[in-house]
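A.B. asks: This is the structure I want to talk about, given as structure tokens.
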Amino acid sequence: MQVPANLDAPSHALMREVAADHPRAAELAPVLDRSRASGSATDYLRLLMASGLETDAWETTYLHVLDPAGTQEDPVLEWVRGTGLRPVLEVLGDDAQSFLAPYRERLRSAYPREPHGVPFPFRRVFAVGRRPGARDGAAPLVVGLDHVQVSCAAGDEGRARAFYGELLGMAELPKPPVLAVRGGCWFRSGSAVVHVGVEPDFSPARKAHPCLLSGDLDEVARRLTAAGHDVTWDDAIPGVRRLHTHDGMGNRVEIQQA
Numbered sequence: 001m002q003v004p005a006n007l008d009a010p011s012h013a014l015m016r017e018v019a020a021d022h023p024r025a026a027e028l029a030p031v032l033d034r035s036r037a038s039g040s041a042t043d044y045l046r047l048l049m050a051s052g053l054e055t056d057a058w059e060t061t062y063l064h065v066l067d068p069a070g071t072q073e074d075p076v077l078e079w080v081r082g083t084g085l086r087p088v089l090e091v092l093g094d095d096a097q098s099f100l101a102p103y104r105e106r107l108r109s110a111y112p113r114e115p116h117g118v119p120f121p122f123r124r125v126f127a128v129g130r131r132p133g134a135r136d137g138a139a140p141l142v143v144g145l146d147h148v149q150v151s152c153a154a155g156d157e158g159r160a161r162a163f164y165g166e167l168l169g170m171a172e173l174p175k176p177p178v179l180a181v182r183g184g185c186w187f188r189s190g191s192a193v194v195h196v197g198v199e200p201d202f203s204p205a206r207k208a209h210p211c212l213l214s215g216d217l218d219e220v221a222r223r224l225t226a227a228g229h230d231v232t233w234d235d236a237i238p239g240v241r242r243l244h245t246h247d248g249m250g251n252r253v254e255i256q257q258a
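If you want it as structure tokens, here you go:
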């Protein structure tokens with residue numbers, strides 16, 4: 001498992017400070033409740049070991065460099081708009097600017113721009129639990145994910161290429177000849193591999209979906225919107241910046257900020 005662990009980061013601590021000074025502080029307090037924070041690596045270590053599991057737990061801080069091109073005035077603010085700031089904006093509605101003005105200034109001081117962009121540390125906690133004695137000395141039965149598959153109707157490969165290839169910038173992979181005759185197409189970007197297969201009685205997947213990781217989620221959202229695709233931001237998982245959309249065939253696709 002992995003969970004974000006950034007509620008003590010300046011981006012969130014400053015959010016609580018500004019909220020405490022705001023005229024509507026009483027309304028904002030519940031949506032910024034510090035008790036909603038995820039546990040530490042030690043917390044999950046204790047929890048899993050108490051359940052009788054052999055446990056590895058650790059923390060990693062990812063150092064994102066935001067807006068290297070220098071096109072955004074407040075890249076950290078734009079980042080948190082899609083995560084921790086969303087409940088605040090929903091509560092304040094038309095009063096949002098009274099919060100954003102002081103918050104923006106504090107963020108600029110906490111995260112100064114450097115020649116290469118704005119460094120933005122993001123901490124995550126990881127924990128793995130295993131049953132004692134489970135296949136001691138043997139290789140794990142599952143070690144990774146090779147690919148995900150979505151479906152399309154016969155002749156819809158062009159829509160798949162437009163979405164995964166052109167919009168998302170994934171490279172098309174050659175299919176083995178024995179499989180190429182069946183239609184469909186394969187794509188790769190980094191470690192992410194998507195297979196698009198032809199299904200005779202195709203119906204778009206509305207619930208099951210792949211989740212892709214992006215190095216620039218805002219740019220993905222911009223491209224999707226410009227191409228006429230729906231973009232629905234989702235902050236249900238604290239600290240995880242993600243959106244939902246549909247590919248050219250109507251299949252649900254989730255995309256997260258790496």
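Mapping of the sequence shown onto UniProt numbering: residues 1 to 258, in sequence order. We treat Cβ as the ideally placed atom computed from N, Cα and C, and that holds for glycine. Please read all numbers here as calculations on a predicted model, not as lab measurements.
1. Quick one, which of Ala162, Gly228, Ala192 and Ser40 has its alpha-carbon nearest Gly144's?
2. Please go through the stretch 72-105 and give each complete alpha helix (DSSP H) segment of 4 or more residues, from N-terminal end onward.
3. Is the stretch 39-49 close to the stretch 206-223, with three or more CB pairs under 8 Å?
4. Leaving aside the five residues before and after Arg131 along the sequence, list all residues of the same chain whose C-beta is less than 8 Å from its C-beta, in chain order.
5. Of all the alpha helix (DSSP H) runs that stay within the bounds of the stretch 1-74, which reach a length of 4 or more residues?
6. Among residues of its own chain, excluding the 5 on either side of Thr232, which ones have a beta-carbon nearer than 8 Å to its beta-carbon?
7. Are the stretch 79-90 and the stretch 153-165 touching, with three or more C-beta to C-beta distances below 8 Å?
8. For chain B, find out if any of its Cβ atoms is closer than 8 Å to the Cβ of Val125; answer yes or no.
9. Strictly by DSSP, which residues pair up with residue 289?
10. Taking 8 Å as the threshold, find out whether the stretch 200-213 comes into contact with the stretch 53-69 through three or more Cβ pairs.
11. What residue range does the alpha helix (DSSP H) around Leu179 cover?
12. What did DSSP end up calling Glu114 once you bin it into helix, strand or coil?
13. In chain order, what are the residue ranges of uninterrupted beta strand (DSSP E) at least 3 long that sit wholly in the UniProt domain "VOC" (144-258)?
14. Rounded to whole angstroms, how far is the Cβ of Val198 from the Cβ of Arg182, which I believe are closer than 8 Å?
15. Taking DSSP as the reference, what is the three-state secondary structure of Arg130?
16. Can you tell me whether Cys211 is buried or exposed, with buried defined as 16 or more other CB within 10 angstroms of its CB?
17. If you draw a straight line from the C-alpha of Val31 to the C-alpha of Glu90, how long is it?
18. Which residue wins for smallest C-alpha separation from Asp230, given the options Ala180, Arg24, Phe163 and Phe122?
19. May I ask you to list the residues that DSSP assigns as paired with Pro119?
20. Taking just the CA atoms, how far does Phe202 sit from Arg117?
21. Which residue from Ala20, Met15 and Gly169 puts its Cα closest to that of residue 260?
22. Identify which residue in Gly133, Tyr111 and Val128 has its Cα closest to the Cα of Ala9.
C.D. replies: Taking the coordinates as given:
1. On the sequence shown, residue 144 is found 144 positions in, with the first residue counted as 1. The shortest Cα separation from Gly144 among Ala162, Gly228, Ala192 and Ser40 belongs to Ala192.
2. 75-81 and 86-92
3. no
4. The residue given as residue 131 occupies position 131 in the sequence shown. Taken in chain order, the residues that qualify are Gly52, Leu53 and Glu54.
5. 10-21, 25-28 and 41-50
6. Locating residue 232 in the sequence shown gives position 232, where the first residue counts as 1. Once the five neighbours on either side are set aside, the close Cβ partners of Thr232 are Leu243, His244 and Thr245.
7. no
8. Looking for chain B here will not work: only one protein chain is present.
9. Any answer about residue 289 is impossible in this case: the structure gives the chain only from 1 up to 258.
10. no
11. Against the sequence shown, residue 179 aligns to sequence position 179. Here the alpha helix (DSSP H) through Leu179 covers Pro177 to Ala180.
12. Position 114 of the sequence shown holds residue 114. Strand at Glu114.
13. 148-152, 171-173, 185-189, 192-198, 211-214, 232-234, 242-246 and 252-257
14. Along the sequence shown, read from residue 1 onward, the residue named residue 198 stands at position 198. Along the sequence shown, read from residue 1 onward, the residue named residue 182 stands at position 182. Right, their Cβ atoms sit about 6 Å apart.
15. Position 130 of the sequence shown, counted from the start, is the residue given in the question as residue 130. Here Arg130 sits in strand by DSSP.
16. The residue given as residue 211 occupies position 211 in the sequence shown. Under this definition Cys211 is an exposed residue.
17. In the sequence shown, the residue the question calls residue 31 occupies position 31. In the sequence shown, the residue the question calls residue 90 occupies position 90. Rounded to whole angstroms, Val31 to Glu90 spans 10 Å at the Cα level.
18. In the sequence shown, the residue the question calls residue 230 occupies position 230. Comparing Cα positions, the closest option is Phe163.
19. Within the sequence shown, residue 119 is the residue found at index 119, counting from 1. For Pro119, which the question treats as bridged, DSSP gives the partners Val65.
20. Position 117 of the sequence shown holds residue 117. Position 202 of the sequence shown holds residue 202. Per the sequence shown, residue 117 should be read as Gly rather than Arg. So the two alpha carbons sit approximately 45 Å from each other.
21. Residue 260 lies beyond the range of the chain shown here (1 to 258); nothing can be said about it.
22. The residue labelled residue 9 in the question sits at position 9 within the sequence shown. Checked all of Gly133, Tyr111 and Val128; the closest Cα to Ala9 is Tyr111.
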